[in-house]
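Reviewing the structure listed below.
Protein chains: 2
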Amino acid sequence: MPMTRAPTAFETLIGGLDPAVLPASPPGTDPRYCRDWSGDYAGAPATVLRPGTAAEAAGIVRRCAELGLSVVPHGGHTGLVGGATPSMAGDEVVVSLERMTRVRALDPQNFSMVVEAGCILEQVQEAAREADLYFPLALGAQGSCQIGGNASTNAGGLNVLRYGMMRDLVLGLEGVLPDGRIWDGLKVLRKNNVGYDLKQLFVGAEGTLGLVTAVALKLFPRPTQVETALVAVDSVAAAMALYATARRGLSDLLSAFELIPQRGIALALDVMPGLRAPFATDAPAYVLMEASACGAVDLKGLFEGFLGEMLETGRIADGALAASSAQAADFWRMREGMIEAQARHGRHLRTDISVPISAIPDFIAETDRRLGALTPGSELLAYGHVGDGNIHYNVLPPRDLDEAETVALIRQCEEEIFAVTDSFSGSISAEHGIGLSKRAAFLDRISPLHRDMLERIKTAFDPAGTMNPGRILPKSG
Amino acid sequence: MPMTRAPTAFETLIGGLDPAVLPASPPGTDPRYCRDWSGDYAGAPATVLRPGTAAEAAGIVRRCAELGLSVVPHGGHTGLVGGATPSMAGDEVVVSLERMTRVRALDPQNFSMVVEAGCILEQVQEAAREADLYFPLALGAQGSCQIGGNASTNAGGLNVLRYGMMRDLVLGLEGVLPDGRIWDGLKVLRKNNVGYDLKQLFVGAEGTLGLVTAVALKLFPRPTQVETALVAVDSVAAAMALYATARRGLSDLLSAFELIPQRGIALALDVMPGLRAPFATDAPAYVLMEASACGAVDLKGLFEGFLGEMLETGRIADGALAASSAQAADFWRMREGMIEAQARHGRHLRTDISVPISAIPDFIAETDRRLGALTPGSELLAYGHVGDGNIHYNVLPPRDLDEAETVALIRQCEEEIFAVTDSFSGSISAEHGIGLSKRAAFLDRISPLHRDMLERIKTAFDPAGTMNPGRILPKSG
Chain S
251 MPMTRAPTAF ETLIGGLDPA VLPASPPGTD PRYCRDWSGD YAGAPATVLR PGTAAEAAGI
311 VRRCAELGLS VVPHGGHTGL VGGATPSMAG DEVVVSLERM TRVRALDPQN FSMVVEAGCI
371 LEQVQEAARE ADLYFPLALG AQGSCQIGGN ASTNAGGLNV LRYGMMRDLV LGLEGVLPDG
431 RIWDGLKVLR KNNVGYDLKQ LFVGAEGTLG LVTAVALKLF PRPTQVETAL VAVDSVAAAM
491 ALYATARRGL SDLLSAFELI PQRGIALALD VMPGLRAPFA TDAPAYVLME ASACGAVDLK
551 GLFEGFLGEM LETGRIADGA LAASSAQAAD FWRMREGMIE AQARHGRHLR TDISVPISAI
611 PDFIAETDRR LGALTPGSEL LAYGHVGDGN IHYNVLPPRD LDEAETVALI RQCEEEIFAV
671 TDSFSGSISA EHGIGLSKRA AFLDRISPLH RDMLERIKTA FDPAGTMNPG RILPKSG
Chain B
251 MPMTRAPTAF ETLIGGLDPA VLPASPPGTD PRYCRDWSGD YAGAPATVLR PGTAAEAAGI
311 VRRCAELGLS VVPHGGHTGL VGGATPSMAG DEVVVSLERM TRVRALDPQN FSMVVEAGCI
371 LEQVQEAARE ADLYFPLALG AQGSCQIGGN ASTNAGGLNV LRYGMMRDLV LGLEGVLPDG
431 RIWDGLKVLR KNNVGYDLKQ LFVGAEGTLG LVTAVALKLF PRPTQVETAL VAVDSVAAAM
491 ALYATARRGL SDLLSAFELI PQRGIALALD VMPGLRAPFA TDAPAYVLME ASACGAVDLK
551 GLFEGFLGEM LETGRIADGA LAASSAQAAD FWRMREGMIE AQARHGRHLR TDISVPISAI
611 PDFIAETDRR LGALTPGSEL LAYGHVGDGN IHYNVLPPRD LDEAETVALI RQCEEEIFAV
671 TDSFSGSISA EHGIGLSKRA AFLDRISPLH RDMLERIKTA FDPAGTMNPG RILPKSG
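Below is the structure:
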């Protein structure tokens, strides 16, 4: 008679599922499920399950709840804070939305679409474009990040100053609660003022209150004109004065306003073949500006007139409006090259802070001063979506440090940058979120009342604490 | 020896407060605290307290919590759903924010301001304008509604299609929880992605989760050009096709798009002295359109060109761009006159529903059909912010009905309108909220799960159920 044993919780979980839900290869061997883009966290999923429908996702979550198993919702694994990397202990079930990729509805006259969580952001943009519409969320990871992850992390990106963050673009949402019940909040209404706005709880919760399975999105007219300019300015203060002037001068048609320091241009020229210095003379700072419009607005004339006036009145040192889409792409390659050069440098500090827009010049000056004293050998690089008050203040440590010294220096610099951020009433996470990596720094900064409110929400929706445990808040119990 | 008795809870509550907090006249005699604008609810406050600071407000709320007294937060008493009318039982303490009227900060380069809850909306608009900035929330009650109430009720109004509802305009918030603790969420950041967005819980909660004492607001460049047009169209469907075309043709500079039926114009002409029919020939429907811009955009030329093309291609029957601000004001008086005429009619049904924008023509046709059969003698009037999918479908009952018959007819018509709204996946409250008057209809329409989620939030923040009890959800216990 053969020996029999009781099935393990994971065997019970998997038993009876559609084989398509199970991963093709052993989950522990697929780096997609073990790391996010930060590379700072490695994990070992207990298993990876890939539901094809909301009902299937709900069944999995319900069974996990019954078995006391923790669930880690998983999108395009492009996060930077360890929010979707399973623990090393191998005790967390990764639920990947990758098979839920349908565009459920697109209503051109309502300027809306309903898409499943696993849709890649670029595919969402493309589906809107095919209907002569525009979905404005745009970010570096758009070729692989998923729209459900964008909602769960309240993604930001390049167009926030005109169109808002993901929170502002979500009309409705379908989610699975930690106990496996499906909440259908997939309305496509612009106005629906009926008590607490439950979808807001899912947006930005980083999967700790439930699993997002579909979202209803707000669409816009497709811009038929896009104008891109690169301008040189004498200082960060001049860049920010330009911002306030440009919002008026361009009638709020401005869609991107990116600060790039001189050193960023130099880094980009190092790594981007064929890219040339934008102007004959270097300047302390540059701004990449983009405006877009549709209809019969003379956007090119408006932008040319604006830049001409800025030059004449000395508010910019130099400036060029892209004469072709190739030149516009080259302007954007300055920004991409700056990021690529940092990646090639190896281990470095990335931050993602925000301060009031008016405080940006002083914030950068003060951080430069403090870090210059702390680590004279490091490269300091402050750039970002400054029209939103969002700065990536990054530090490239000297190459001659060993790994332990590098890690220690990065930690010191981060603490210093966060301290300056605090002094300007800023945020240590403008868009990347909290996840695991910023949890301690975040909890150190909030009041006991604020923490109590977060915990009350978590407990109200996930009393057992099984939904993406340890992210944002420490594990309960 | 004189007889002594223990002080009542209200005496205990009032004891030791700054006399300025107490009302000048007996609270039960001042209609401000006993009725809202709907006129449908009358109440008797136990007392009215008027804190001058957040700390004072917190002290009052804490003392009420200790004494087990219910608190009704009170703004400009312009609500339409009984959300801030105290109960007739005289057991609720009205806390009015009317003395908290400071503009705490205005930062032009950050496009933000921080104002106390009791500021009148019009004063907020004016403070922004003085700084060459623009706060876009605009609604009929703006001369008396308060910004804290606008936040608590997630107010909408005329400019939602371009600028969003109040939820989209709040950067930060300061509130008092039901236990009297002050939550300071008054950040003025565009991006602050740090876990659950707690301010979202206060916005639209109608005072059931706490008292809003101050808000940080998003500002915009002040429009220096405003163009207003009135156009005649052959049908509601033509109006809605015009909307989609106008968003493109006017490059999303459209800030208002109001549907007015022919009957609405007729009503306006009846009550507005000196107002004349806009066009030589009547049309089934009209649209009041407004676009605004700043900088060197040729808005007038753009709008003229757009209307010319719409006329040539037969997509509108007639149209006029206001030649002066006086003519623009006359166009708006068409809308105001339509509302005034309804008020003069006496008791009638006001609704505030929304459906997907694409469903508006079918929604109105179906509702007309059903109500036409139900009450052939009533006047049916469907108008509103149709660019947001928001329709005020109102019914003026025949004047020869007695009060009981009128009330019964209004109830029947409302049920019918709500049923049609349901069939288009709409909302029974686009902007007015739930309060007391829509509570039953709202709770009838949500799933047990949705209700469970609402109750979990209420219980998490107000376990004793003393904060604006009975609004949105029934009283607990």
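Protein sequence lines, in the order shown, are assigned to chains S and B. In short: position in the first sequence from 1, add 250, done, that's the working numbering. In short: position in the second sequence from 1, add 250, done, that's the working numbering. Ideal placement from N, C-alpha and C gives every residue a C-beta, glycine not left out.
{"Query": "Are S:Val729 and S:Val420 closer than 8 Å when you measure CB to CB?", "Result": "Absent from the structure is residue 729 of chain S, since the part of chain S shown begins at 251 and ends at 727."}
{"Query": "Could you compute how far the alpha carbon of S:Glu562 sits from the alpha carbon of S:Val636?", "Result": "24 Å"}
{"Query": "Do B:Ala479 and B:Ala543 have their C-beta atoms within less than 8 Å of each other?", "Result": "no"}
{"Query": "Sorted by chain position, which residues of the same chain lie with C-beta nearer than 7 Å to B:Met717's C-beta, five sequence neighbours on each side aside?", "Result": "Val321, Pro428, Gly457, Thr458, Leu459, Gly460"}
{"Query": "Are the beta-carbon atoms belonging to S:Ala680 and B:Asn442 less than 8 Å from one another?", "Result": "yes"}
{"Query": "Using a Cβ-Cβ cut-off of 8 Å, state whether S:Tyr446 counts as contacting chain B.", "Result": "yes"}
{"Query": "Mind checking S:Arg379: buried by the 16 CB within 10 Å criterion, or exposed?", "Result": "exposed"}
{"Query": "For the beta strand (DSSP E) containing S:His611, list its first residue and its last residue.", "Result": "As written in the sequence, residue 611 of chain S is Pro, which differs from the His given in the question. Careful: S:Pro611 lies outside any beta strand (DSSP E), inside the alpha helix (DSSP H) at 610-624."}
{"Query": "Return helix, strand or coil for S:Ile684, following the three-state DSSP convention.", "Result": "coil"}
{"Query": "Beta carbons nearer than 7 Å to chain B: which residues of the region 608-640 of chain S have them?", "Result": "Ser608, Asp638, Gly639, Asn640"}
{"Query": "Which residue comes first and which comes last in the alpha helix (DSSP H) that contains S:Pro698?", "Result": "698-711"}
{"Query": "With a cut-off of 8 Å, do at least 3 Cβ pairs link the region 696-716 of chain S to the region 709-723 of chain B?", "Result": "yes"}
{"Query": "Counting beta carbon pairs with one atom in the region 594-613 of chain S and one in the region 574-581 of chain S, are three or more of them shorter than 8 Å?", "Result": "no"}
{"Query": "The beta strand (DSSP E) with B:His324 in it runs from where to where?", "Result": "320-324"}
{"Query": "How about B:Arg285: is its C-beta nearer than 8 Å to some C-beta of chain S?", "Result": "no"}
{"Query": "Identify the contact partners of S:Arg282 in chain B, using a Cβ-Cβ distance below 8 Å as the criterion.", "Result": "Correct list: empty, because the minimum Cβ distance to chain B is about 24 Å."}
{"Query": "Less than 8 Å between the CB atoms is what I'm expecting for S:Gly683 and S:Val331, so what's the real figure, rounded?", "Result": "5 Å"}
{"Query": "How would you list, in chain order, the residues of chain B whose beta-carbon sits under 7 Å from the beta-carbon of S:Asn400?", "Result": "In chain order: nothing, as chain B lies at least about 12 Å away."}
{"Query": "Are any of the Cβ atoms in chain S nearer than 8 Å to that of B:Glu719?", "Result": "This sequence places Pro at residue 719 of chain B; Glu is not what is there. No, because no Cβ of chain S sits closer than 8 Å to the Cβ of B:Pro719."}
{"Query": "Could you check which residue in S:Leu411, S:Ala541, S:Ala690 has the C-alpha nearest to that of S:Asp638?", "Result": "S:Leu411"}
{"Query": "Run through chain B and tell me which residues come within less than 8 Å of S:Lys437, C-beta to C-beta.", "Result": "Ser675, Ser677"}
{"Query": "Strictly under 8 Å for the Cβ-Cβ distance: is B:Gln662 near chain S by that measure?", "Result": "no"}
{"Query": "Find the nearest neighbour of S:Ala401 within the set S:Ile432, S:Ile678, S:Lys449, S:Gln359, judged by alpha-carbon distance.", "Result": "S:Lys449"}
{"Query": "Going by alpha carbons, who is nearest to S:Asn737 out of B:Glu424, B:Pro606, B:Ala506?", "Result": "One cannot answer for residue 737 of chain S here, as it falls past the ends of chain S, which runs 251 to 727."}
{"Query": "Closer than 9 Å between beta carbons: that is the criterion. Which residues of the region 401-415 of chain S meet it against chain B?", "Result": "Thr403, Asn404, Ala405, Gly406, Val410, Leu411, Gly414, Met415"}
{"Query": "Could you tell me the alpha carbon to alpha carbon distance between S:Ser485 and S:Val476, rounded to whole angstroms?", "Result": "26 Å"}
{"Query": "Would you say B:Leu598 lies against chain S (beta-carbon separation less than 8 Å)?", "Result": "The sequence given here has His at residue 598 of chain B, not Leu. False, the Cβ-Cβ gap to chain S never drops below 8 Å."}
{"Query": "Can you pull the chain S residues whose beta carbon is under 7 Å from the beta carbon of B:Ala543, in chain order?", "Result": "Ser501"}
{"Query": "Under the rule that 16 or more other beta-carbon atoms within 10 Å means buried, what is S:Ala654, buried or exposed?", "Result": "exposed"}
{"Query": "Which two residues bound the contiguous beta strand (DSSP E) that contains S:Tyr446?", "Result": "No beta strand (DSSP E) contains S:Tyr446, which DSSP labels as neither H nor E."}
{"Query": "Chain S partners of B:Gly555, CB-CB under 8 Å?", "Result": "Ala546"}
{"Query": "Give a yes or no on whether the C-beta atoms belonging to S:Gly329 and S:Gly685 are separated by under 8 Å.", "Result": "yes"}
{"Query": "So is B:Arg689 buried or exposed if we call it buried at 16+ other beta carbons inside 10 Å?", "Result": "buried"}
{"Query": "When you compare only the Cα positions, how much space is there between S:Ala489 and S:Val483?", "Result": "6 Å"}
{"Query": "Could you pull out every unbroken beta strand (DSSP E) segment of at least 3 residues lying fully inside the region 362-436 of chain B, listed in chain order?", "Result": "362-366, 420-426, 432-435"}
{"Query": "Which word fits S:Ala464, buried or exposed, when buried means at least 16 other C-beta atoms lie within 10 angstroms of its C-beta?", "Result": "buried"}
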